[in-house]
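J.: Under the UniProt record's numbering, the sequence shown is numbered contiguously, ending at residue 766. Structure below; questions to follow.
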Amino acid sequence: MNVALQNLSNSMSDYKRATFHDEDVPEPTGEGATSPDTVEVGFRKGRGHILGALGGRSQPEVLLGALSAVLGVLLLGSLIALGVQQMTDRSRSLCLSEACVSVAGRILDSLDRGIDPCQDFYQYSCGGWMRRNPLPDGRSRWNTFNSIWDQNQAILKHILENATFNSSSEAEMKTQRFYLSCLKEQRIEELRQKPLTDLIEKIGGWNISGNWRGENFMSVLKTVSGTYRATPFFSVFVSADSKSSNSNIIQVDQSGLFLPSRDYYLNKTANGKVLDAYLQYMVSVGELLGGSPGSVDMQMTQILEFETLLANLTVPQDERRDEEKIYNRMTISELQSLAPAFDWMDYLTFALSPLDLNDTEPVVVYGKEYLQQVSELVNNTDPMLLNNYLVWNLVQKMSSSLDSRFEKAQDKLLESLYGAKKSCTPRWQTCLSNTDDTLGFALGSLFVKSTFDKNSKNIAEQMISEIRDAFELTLGGLTWMDEKTRRAAKEKADAIYDMIGFPDFILDTKELDEVYDGFEVSEDAFFQNMLNFYNFSAKLMAEQLRKPPNREQWSMTPQTVNAYYLPNKNEIVFPAGILQAPFYAPTHPKALNFGGIGVVMGHELTHAFDDQGREYDEDGNLRPWWQNSSLEAFKNRTECMVNQYNSYTVNGERVNGRQTLGENIADNGGLKAAYHAYKSWLVKHGEEKQLPGVGLTNNQLFFVGFAQVWCSVRTPESSHEGLVTDPHSPAKFRVIGTLSNSKDFAEHFNCPKGTPMNPGKHCDVW
């Protein structure tokens, strides 16, 4: 397989990849579960998860005429007060280009001037934005990332729905056919539940719909998990071995929950409404698939109780942060002894067909105790219930590809989980998200050719170099780190590999077509297209096992509004989607570019040295390379940050400082590196002109630009879900937590010691 084909296979499970922003998941997926189809084919779109999602078209511009009028009033005041000469001097220090006037208007609109920046810098920076941005219908949150992704989708909609659409690339033509198949609602409505009931019958039936044939447990597990990529009990994927990053290996992790986190099952007091809605959703779907009301209710209740038992065995996120502790390498034979309820040789041979495997094939297990306990649970559970649970995993994965009754059945659940209804989302947006999931790099080819400024790649390379220099300068001055560890850390920073914009293969028609060769797409069969995709991704995964990992591989599509760091490749990646305003624009002041995309770059670079990334060396191998004294000092400093973020609350619920530690370290280190890089730029190039009418120095503008990236509104339900599942802190505390640790911020905004934004005690790691 060539390099381009390998780009389709993500090299690590989600919890190992540090993103800038949380990637929105519009449908529930359980804690610890990866979506193998998207993992293996290498895409996660920035939908609504640093980061999390970054990217898209530039923000709507404020009318130049109106701003010019405001500017005219300001200049007239200067004329009266200071005289013509002083006014002329002042105008020379202002940036009066159209871009500067426009971005000044956007910043002013977002500010809340009635707030003291030293009391609450988030409200000061975003109060105006929040007033002007009520939650759109059907959205559980709205922020910069959502806005940009919506704009990206609009661009792609225009391309795919163009009546004259034509391409010499078969992959691009498949992209349009797939998108149009999803849009053909009349055809989907006519078929009703039949595509899924036919599939259930094919795999042996389902007692809930009354026709279970008592099929063998392993046979159904192989089909549901191996063929159609659902993840009951566990997830299996192929990716680079954390302790030998030059080779791929089979990896097994915990999985099997439908709701976003184990907490939803176990904390019934806080989540009773969600559990009730989930059960009602299960019952509704069972009835839509032919089950009788009384029987469906009883059996779905049993499945929910079984998932609750699984949830109790599932290890929480914040206890899985030390990969040295959860990494367990063993043979298939040893895995069989660990979890004998599953025939692992039979399962893996099927899932990775046509590869030859034997008992000595190595496997990395990330949930050793979990698998052991799940095996015992399976051995003590009625076969009918096990089959019901297995098929339910397939049903919930595929039902979203059926008619509108199934979407409406899920509305109450999504409303209880996130505070918004999926059915409010326009069909075309749902279809674009599905297309991004399945043919994301072909879609990326269309996006890049339509929107991406190739010069942005060179400018981004330069910025990354400047931020790396700033980070290493700080590294050289750390008093808590010994010299041997410092040298190794510098070597790792120097070795970080960066990828910007998009992978080259997407603009080569032959290579792009080869990537999607074997994925059959029909314009009239949306459900079948989805089945074909899951089969296709399963084959791609199997093909990776006997090949070395490819460093040029991407696990985000170009249009994604996000960025990420991958520890086992020691690489940082910035898709084209994030190289846009407000994160970056060539016409914006450098203060804003460093406060936007510069902080993103610093954030991802710092992930190489957060509590998880620091365990990997410069070659991407999981091994101890720290001296004990420095490691103890590091842990003491990170404990300060854990306690700091533990003290923040949202709607009376605490932020989990342990769960969010890695992202908080990256936020703090990223801001510092980006600001020091900006200061170095000023030394080389001199002061920039200031924005008109804003009344901020360029140093202050850097911090405001950073804060305004995080302006957001969110439903209480979505906020709760984020606190339970997201490795990132809530947007407000990504601003307040980071800036209250910054002495540079306190200096430029003259915040007295003891004020909320300058508490006197600063948590500082990097």
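Where a beta carbon is used, it is the ideal one built from N, C-alpha and C, also for glycine.
1. Among the residues of its own chain, which have a CB less than 8 Å from the CB of Leu545, if the five just before and after it don't count?
2. Quick one: what's got a C-beta closer than 8 Å to Ala591's C-beta in the same chain, skipping five residues either side?
3. For Lys19, is the classification buried or exposed, using 16 other Cβ atoms within 10 angstroms of its Cβ as the cut-off for buried?
4. Counting only the same chain and skipping the five closest in sequence on each side, list residues whose C-beta sits under 8 Å from that of Thr660.
5. I'd like to confirm the pairing. Which residues does DSSP put opposite Met330 in its beta bridges?
6. Along the chain, where does the alpha helix (DSSP H) that runs through Trp392 open and close?
7. Check the C-beta distance from residue 772 over to Thr197 and give it rounded, since I have them as a contact under 8 Å.
8. Identify, in the order they occur along the chain, each residue of the same chain with its Cβ nearer than 6 Å to the Cβ of Lys484, setting aside the five sequence neighbours on each side.
9. Find out if the Cβ-Cβ distance for the pair Ser429, Leu288 is shorter than 7 Å.
10. Hey, could you find the ends of the alpha helix (DSSP H) Leu196 is sitting in?
11. In or out: Met298 buried (at least 16 other Cβ within 10 Å) or exposed?
12. Skipping 5 residues on each side, what residues in its chain have a beta carbon closer than 7 Å to that of Lys492?
13. Under three-state DSSP, which class holds Ala746?
14. Examine the Cβ distances between the stretch 329-343 and the stretch 359-368 and report whether three or more of them are shorter than 8 Å.
15. Going by the CB atoms, is the gap between Arg714 and Asp318 shorter than 7 Å?
16. Looking at Gly577 and Gln559, is the spacing between their C-beta atoms short of 7 Å?
17. Identify the continuous beta strand (DSSP E) that holds Asp498 and give its terminal residues.
18. Which residues in the same chain as Leu696 place their Cβ atom closer than 7 Å to its Cβ, once the five residues preceding and following it in sequence are excluded?
19. So, with DSSP's three-state summary, where would you put Tyr564?
20. Taking only the alpha-carbon atoms, compute the straight-line gap between Asp116 and Ala154 and give it to the nearest angstrom.
21. Taking 7 Å as the cut-off, decide whether the C-beta atoms of Val724 and Ser261 are in contact.
22. Could you pull out every residue in the same chain whose Cβ sits closer than 7 Å to the Cβ of Val285, ignoring the five residues on either side in sequence?
23. Using C-beta distances below 8 Å, list every residue in its chain close to Ser169, excluding the 5 sequence neighbours before and after it, in chain order.
24. Could I get the ranges of all uninterrupted beta strand (DSSP E) runs contained in the stretch 229-301, with 3 residues as the minimum, in chain order?
25. If I'm right that Ile597 touches Phe583 with Cβ under 8 Å, what's the distance once you round it to whole angstroms?
26. By how many angstroms is the C-alpha of Gly754 removed from the C-alpha of Thr314?
27. Return the bridge partner residues of Pro575 from the DSSP annotation.
28. Can you name, in chain order, every residue of its own chain whose Cβ lies under 6 Å from the Cβ of Ile500, other than the five neighbours on each side?
29. Which residue comes first and which comes last in the alpha helix (DSSP H) that contains Arg734?
30. For Thr557, does the three-state DSSP call read helix, strand or coil?
31. When we look at the beta-carbon of Ala270 and count the other beta-carbons within 10 Å, is it buried (16 or more) or exposed?
32. Here's a check: name, in chain order, each residue in its chain whose Cβ is nearer than 6 Å to the Cβ of Glu40, leaving out the five neighbours to either side.
33. Quick check: does the Cβ of Ser416 come within less than 6 Å of any heavy atom belonging to the ligand SAH?
34. By how many angstroms is the C-alpha of Pro756 removed from the C-alpha of Pro362?
35. Nearest to His762 by alpha carbon, out of Lys743, Cys751, Pro752 and Asn750?
36. Just tell me which of Ser450, Thr435 and Ala488 has its CA closest to the CA of Ser181.
T.: If we stick to the structure as given:
1. Walking along the sequence shown from the start, residue 545 turns up at place 545. Val238, Asn248, Ile249, Ile250, Leu352 and Leu355, listed in sequence order.
2. If you number the sequence shown from 1, residue 591 lands on position 591. Tyr678, Glu688, Asn698, Asn699, Leu701, Phe702 and Gly705.
3. Position 19 of the sequence shown, counted from the first residue, corresponds to residue 19. First, the residue type needs correcting, since residue 19 is Thr and not Lys in the sequence shown. When all chains shown are included, Thr19 counts as buried.
4. In the sequence shown, residue 660 corresponds to position 660, counting from 1. Around Thr660: Tyr645, Asp726, Pro727, His728 and Ser729.
5. As a first step, residue 330 must be located in the sequence shown, where it is residue number 330. According to DSSP, which records beta bridges pairwise, Met330 is partnered with Val363.
6. Counting from 1 along the sequence shown, the entry for residue 392 is found at position 392. For Trp392, the enclosing alpha helix (DSSP H) starts and ends at Pro383 to Met398.
7. The chain is shown only over 1 to 766; residue 772 falls outside these bounds and no answer can be derived.
8. Taking the sequence shown and counting its residues from 1, one reaches residue 484 at position 484. Answer for Lys484: Gln627, listed in chain order.
9. Here residue 429 refers to the residue found at position 429 of the sequence shown. Here residue 288 refers to the residue found at position 288 of the sequence shown. Position check: residue 429 holds Gln in this sequence, whereas Ser was assumed. Cβ distance not < 7 Å, so Gln429 and Leu288 don't count as in contact.
10. Along the sequence shown, read from residue 1 onward, the residue named residue 196 stands at position 196. Start and end: Lys194 to Lys202.
11. By 1-based counting over the sequence shown, the position of residue 298 is 298. That one is exposed.
12. Locating residue 492 in the sequence shown gives position 492, counting from the first residue. Hits under 7 Å: Asn570, Ala608, Asp617 and Glu618.
13. By one-based count along the sequence shown, residue 746 stands at place 746. Correct three-state label for Ala746: helix.
14. yes
15. Taking the first residue of the sequence shown as 1, we reach residue 318 at position 318. Taking the first residue of the sequence shown as 1, we reach residue 714 at position 714. For Asp318 and Arg714, no; Cβs fall outside 7 Å.
16. The count along the sequence shown starts at 1 and reaches residue 559 at position 559. The count along the sequence shown starts at 1 and reaches residue 577 at position 577. Yes, the pair counts as a contact, with Cβ atoms nearer than the cut-off.
17. Stepping through the sequence shown from its first residue, residue 498 is reached at position 498. Tyr497 to Gly501 is the extent of the beta strand (DSSP E) around Asp498.
18. Position 696 of the sequence shown holds residue 696. So the qualifying residues of the chain are Val704.
19. What you label residue 564 is simply residue 564 of the sequence shown in a count that begins at 1. DSSP places Tyr564 in strand when its eight states are reduced to three.
20. Position 116 of the sequence shown, counted from the start, is the residue given in the question as residue 116. Position 154 of the sequence shown, counted from the start, is the residue given in the question as residue 154. Whole-angstrom Cα-Cα distance: 38 Å.
21. The residue given as residue 724 occupies position 724 in the sequence shown. The residue given as residue 261 occupies position 261 in the sequence shown. Yes, the Cβ-Cβ distance between Val724 and Ser261 is below 7 Å.
22. Residue numbering aside, residue 285 sits at position 285 when the sequence shown is read from its first letter. These residues qualify, in order along the chain: Val395, Ser399, Phe406 and Ala409.
23. Your numbering for residue 169 matches position 169 in the sequence shown. If we look at Ser169 and ignore the five residues flanking it on each side, its Cβ neighbours are Ala442, Ser445, Thr509, Leu512 and Asp513.
24. 234-241 and 244-254
25. On the sequence shown, position 597 is the one that residue 597 refers to. On the sequence shown, position 583 is the one that residue 583 refers to. With a Cβ gap of about 4 Å, Ile597 and Phe583 count as contacting.
26. Counting from one through the sequence shown, the residue named residue 314 turns up at place 314. Counting from one through the sequence shown, the residue named residue 754 turns up at place 754. Answer to the nearest angstrom: the Cα atoms are 42 Å apart.
27. Here residue 575 refers to the residue found at position 575 when the sequence shown is read from its first residue. In DSSP, Pro575 forms a bridge with Gly501.
28. As a first step, residue 500 must be located in the sequence shown, where it is residue number 500. Contacts found: Lys457, Ala460 and Phe574.
29. The count along the sequence shown starts at 1 and reaches residue 734 at position 734. Arg734 -> alpha helix (DSSP H) spans Ala731 to Leu739.
30. The residue given as residue 557 occupies position 557 in the sequence shown. If DSSP states are grouped into helix, strand and coil, Thr557 belongs with coil.
31. Against the sequence shown, residue 270 aligns to sequence position 270. Exposed is the call here.
32. Position 40 of the sequence shown holds residue 40. Residue confidence is low: Glu40 scores 45 on pLDDT, short of 50, so the model does not pin down where it sits. No coordinate-derived value is stated.
33. As presented, the structure is devoid of all ligands, the ligand SAH included, so that no description of it is given.
34. Walking along the sequence shown from the start, residue 362 turns up at place 362. Walking along the sequence shown from the start, residue 756 turns up at place 756. Going from the Cα of Pro362 to the Cα of Pro756 covers about 52 Å.
35. The count along the sequence shown starts at 1 and reaches residue 762 at position 762. For His762, the nearest C-alpha among the options comes from Lys743.
36. As a first step, residue 181 is located in the sequence shown; it is residue number 181 there, counting from the start. The shortest C-alpha separation from Ser181 is found at Thr435.
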